[in-house]
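Trainee: Residue numbers for the sequence shown follow the working numbering, so the first one is 276 and each next one is one higher. In this text, a Cβ means the ideal position worked out from N, Cα and C, and glycines have one as well. Below is a structure I'd like to ask you about.
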Amino acid sequence: MLRLIKPEQGHNMEGGGRRKAKSKALTTLSRMAAFFITAVLVLGAVVLILNYDKLNFDAVKRWFSYRNLTTDNGQAESFPYEGDGTSVFASVDGDLLVCSSTGIRLYSGSGQVYVSRTTAMENPVAVARGGVAVAYDAGGRMLLACRDREEAFSLELEEGEEILSADVNESGWLVTVTQQSGYKGVVTVYDSQFQPRMQVNLSSRFVMDAAISPDSGTVALLSVGVEEGTFASQVELYPLTGSGGEEAQPQASCPVGSEVILELTWDSGGIWALGENTLYHLDGKGGLTGSYSYSGRYLKAFTLEGDGTAALLLGKYRAGSSAELVVVDGEGQARATLALEEQVLSVSAAGRYVALLTADRLDIYDQDLGLYHSLEGTQSARKVLQRADGSVMLIDNSAARIYLPQ
276 MLRLIKPEQG
286 HNMEGGGRRK
296 AKSKALTTLS
306 RMAAFFITAV
316 LVLGAVVLIL
326 NYDKLNFDAV
336 KRWFSYRNLT
346 TDNGQAESFP
356 YEGDGTSVFA
366 SVDGDLLVCS
376 STGIRLYSGS
386 GQVYVSRTTA
396 MENPVAVARG
406 GVAVAYDAGG
416 RMLLACRDRE
426 EAFSLELEEG
436 EEILSADVNE
446 SGWLVTVTQQ
456 SGYKGVVTVY
466 DSQFQPRMQV
476 NLSSRFVMDA
486 AISPDSGTVA
496 LLSVGVEEGT
506 FASQVELYPL
516 TGSGGEEAQP
526 QASCPVGSEV
536 ILELTWDSGG
546 IWALGENTLY
556 HLDGKGGLTG
566 SYSYSGRYLK
576 AFTLEGDGTA
586 ALLLGKYRAG
596 SSAELVVVDG
606 EGQARATLAL
616 EEQVLSVSAA
626 GRYVALLTAD
636 RLDIYDQDLG
646 LYHSLEGTQS
656 ARKVLQRADG
666 SVMLIDNSAA
676 RIYLPQ
């Protein structure tokens, strides 16, 4: 049967066809646009990954962190600090901790005093990490920890006891090594609220230093003793879930030579143990991953605060300006070296930066010792503190100031 189509119905079918065609075209365009945007994002991600080290995101971080700080050619106005020739320094969240024989003080980057504690110390030491700054008297009885620009914890040992070392990790956990009657070393671990979580008491070997893992699950002890008539140092790992006390047993141990270990540090890449002639690196399970020997050269300065690297200033002679700056990786390999023929006053590292201060110039390098920035004229600065965002604190005998690479 033949059906007649009314004119208006034909018009509707023709309009519907145009709408379908238009909708199809829009769908095709949307798909093409989505594909193009996805391709751009993927390509951008690949470029970002391949060139991450070349991109300067830290300049943006510095702008936000210090946008209210008035600077002249990158240098903020200096502020006086109270200290003396024994002063040591640490940088914490943009602030400056000054620890000297006369007391402990915490300054903002513009010189405002937040903490001031007058106390006598013979061997002041300052360390900072995880937003916590710790000052203590090595061989003395006093320790002070600051957080959020105020005193957060203090320790005063009994007569006849002494603090050998102290350290903090990125989570703000604190570990102390003390000398107490009846033991050759007592290691106490405090959580981020400064509550004691574990104590290890050793009577068989002397404990010289300790460090906590970044995840706060393990504490590394540096112990020394005599084995078969030979002096020996070793790193021992204790889980913080253990019972502690005299019955505590290490879950792993690793010998680090028959030399004095000057410093023990645990970062995200593992454990650094710096000796008089060799730098050792261990993984988080206590296995030796590499070592770097500088026997026959003098260790003039060092820093273990790089992002998975250590920087050593080595010289053929104890005196003189001729030296070599060596950046060592976790496999004990020299990642980069730089020959120097001028007197180096201070070396500091943080994140992916290494700062080198001479009498009239500040040079900031990346971890491959490629020059990141230079500052001519350091206004008598004698000490540099590198920060992970690329900024530095320049310190002379009586004043300090922030410098922001431009």
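Extract the residue ranges of the alpha helix (DSSP H) inside the region 325-387, only unbroken runs of 4 or more that lie entirely within it.
Mentor: List check, alpha helix (DSSP H) in window: 332-341.
Trainee: Using a Cβ-Cβ cutoff of less than 8 Å, which residues in the same chain neighbour S528 once the five nearest sequence positions on both sides are dropped?
Mentor: Same-chain partners within the cutoff: Q509, V510, E511, L512, G561.
Trainee: Which same chain residues end up closer than 6 Å to L537 when comparing Cβ atoms and leaving out the 5 residues on each side of it in sequence?
Mentor: Contacts found: L549.
Trainee: Would you mind sorting R380 into buried or exposed? The rule is 16 or more other CB atoms within 10 Å of its CB.
Mentor: Buried.
Trainee: Determine the direct distance from the alpha carbon of Q661 to that of V629, and round the result to whole angstroms.
Mentor: Cα to Cα, the separation comes out at about 7 Å.
Trainee: Would you mind giving the Cβ-Cβ distance between A486 and I546, rounded to the nearest angstrom? I have them listed as a contact below 8 Å.
Mentor: Right, their Cβ atoms sit about 7 Å apart.
Trainee: Taking the alpha carbon of L497 as the reference point, which residue from G517, P514, R472, V462 has its own alpha carbon closest?
Mentor: The residue with the shortest Cα to Cα distance from L497 is V462.
Trainee: Can you pull the DSSP bridge partners for G590?
Mentor: Per DSSP, Y573.
Trainee: Hey, A675 and F354: beta-carbon distance below 8 Å or not?
Mentor: Yes, they are a contact pair.
Trainee: DSSP three-state call for R306: helix, strand or coil?
Mentor: Here R306 sits in helix by DSSP.
Trainee: Could you tell me which of Y411, S391, G386, L477 sits nearest to E397, measuring between CA atoms?
Mentor: That would be Y411, whose Cα lies nearest to the Cα of E397.
Trainee: Is there contact between the region 616-630 and the region 577-596, where contact requires at least three CB pairs shorter than 8 Å?
Mentor: They touch, by the three-pair rule.
Trainee: In the DSSP assignment, what are the bridge partners of F469?
Mentor: None, per the DSSP bridge assignment.
Trainee: Would you mind working out which of L600, V407, M473, S375 sits nearest T394, comparing C-alpha positions?
Mentor: Residue S375 is the option with its Cα nearest to T394.
Trainee: Can you tell me whether DSSP reads V322 as helix, strand or coil?
Mentor: The predicted model places V322 with a pLDDT of 41, which falls under 50 and marks its position as unreliable, so this point remains unresolved.
Trainee: Can you find the residues in the same chain that come closer than 7 Å, C-beta to C-beta, to S340, ignoring five residues on each side of it along the sequence?
Mentor: For S340, where only same-chain residues beyond five positions count, the Cβ hits under 7 Å are G369, D664.
Trainee: Bridge partners for N238 per DSSP, in chain order?
Mentor: Shown here, the chain extends from 276 to 681; a query on residue 238 therefore has no answer.
Trainee: Buried or exposed: where does Q470 fall if 16 or more other Cβ atoms within 10 Å of its Cβ makes it buried?
Mentor: Per the 10 Å Cβ criterion, exposed.
Trainee: So does G583 have its beta carbon nearer than 7 Å to some heavy atom of the ligand GTP?
Mentor: Although the ligand GTP was asked about, the structure shown includes no ligands whatsoever.
Trainee: Output the boundary residues of the beta strand (DSSP E) element that contains W547.
Mentor: Segment 545-550, the beta strand (DSSP E) holding W547.
Trainee: Using the C-alpha atoms, what's the distance from P680 back to Q608?
Mentor: Their Cα atoms are separated by approximately 29 Å.
Trainee: Starting from the N-terminal side, write out each stretch of the beta strand (DSSP E) that is 3 residues or longer and does not extend beyond the region 415-453.
Mentor: Taking only runs of at least 3 residues, the beta strand (DSSP E) segments lying wholly in the region 415-453 are 417-422, 425-431, 437-443.
Trainee: For L589 versus Y567, is the C-beta spacing smaller than 8 Å?
Mentor: Result no, Cβ atoms of L589 and Y567 do not sit closer than 8 Å.
Trainee: Look at A611 and K575 and say whether their C-beta atoms are less than 8 Å apart.
Mentor: Contact flag unset, no.
Trainee: Apart from the five residues on each side of it in sequence, which residues of its chain come closer than 7 Å, Cβ to Cβ, to L620?
Mentor: Here the set comprises L632, T633, A634, R657.
Trainee: Are the beta-carbon atoms belonging to D490 and V452 less than 8 Å from one another?
Mentor: No. Outside cutoff.
Trainee: Mind checking which residues open and close the beta strand (DSSP E) that includes E616?
Mentor: Segment 609-616, the beta strand (DSSP E) holding E616.
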